[in-house]
Amino acid sequence: MALSLLIDSGPGFTFGELEIEGVNCLPASIITAANRIVPGTIYRERDLNEFQSRLQLSGYFRSVFVTIPTEAQVDSVRVPIQVNVVESLARRVGLGIGYSTDIGAGVEARYEDNLTIMPGWRSRSSFKLYQREQSVQGELYLAPVLSGLAPRL
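Take any residue in the sequence shown, count from 1 to its spot, add 16: that is its number in the working numbering.
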């Protein structure tokens with residue numbers, strides 16, 4: 017009596033190109049700059065999760081889903097990376113009043129904008145007006161355009 021076992025896991029999947037959905041106001045370069053997955057590399061779930069985390073931490077999107085097509089949709093061993101995002105185009109204003117024994121009574125204001133001057137540029141500005149101390153601060157963040165410039169995990 018002979019016993020044989022055949023295990024067929026199918027072809028090995030590799031990553032293909034990006035398929036981006038949900039980008040209307042922001043440049044798609046924000047997503048492509050955060051992508052470190054090279055087409056043709058062997059599929060690893062961890063790579064998708066890290067890519068999704070980079071996009072979520074960027075602050076440009078309210079929600080991010082990075083997946084590959086289900087088996088029913090896959091026709092080849094090179095599967096596309098599907099990126100579905102919801103842009104965060106919020107503008108925020110913060111106002112406050114306070115008192116400190118060091119600098120006295122005062123007011124503060126802060127403004128944040130995810131669509132400043134050009135699509136993908138973000139700004140933050142604030143001013144503080146206290147009895148003994150005053151300050152004004154402004155920051156401008158440009159959209160990442162080149163791969164590898166996105167924040168590292």
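For each residue, glycine too, the CB sits at the ideal point set by N, CA and C.
Residue closest to glycine 110, alpha-carbon to alpha-carbon, out of Ile119, Glu103, Val123, Val102: Val123
Subject >> Host alpha helix (DSSP H) of leucine 73 (start-end) >> reply: 61 to 73
(message) Within a Cβ cutoff of 6 Å, which residues of the same chain sit near proline 135, ignoring the five residues on either side of it in sequence?
(response) Cys41, Leu42, Pro43
Open item on the list: Could you compute how far the alpha carbon of leucine 169 sits from the alpha carbon of leucine 71?
Closed with: Here the model assigns leucine 169 a pLDDT of 41, short of 50, so the residue's position is not dependable, and the following value carries that caveat. Straight-line Cα distance between these residues: approximately 11 Å.
Integer-rounded CB distance, given that valine 95 should sit under 8 Å from isoleucine 113: No, isoleucine 113 and valine 95 are not in contact; Cβ-Cβ is about 55 Å, not under 8 Å.
Check your understanding: Going by DSSP, what residues sit across from glutamate 37 in a beta bridge?
Key -> Asn100
- Nearest candidate by alpha-carbon position, reference leucine 131, set Tyr157, Arg148, Asn100: Tyr157
Handout entry: Backbone CA spacing between isoleucine 97 and alanine 106 [nearest angstrom]
Key = 27 Å
Considering Cα atoms alone, identify which of Ser45, Ala18, Thr30 is closest to valine 54.
Thr30
If you draw a straight line from the alpha carbon of arginine 126 to that of serine 139, how long is it in whole angstroms?
11 Å
Valine 101 and phenylalanine 77 closer than 7 Å at C-beta: yes
**OP:** Could you tell me the boundaries of the alpha helix (DSSP H) in which serine 45 lies?
**Re:** 45 to 50
Subject >> Bridge partner(s) assigned by DSSP for threonine 30 >> reply: Ile58, Arg94
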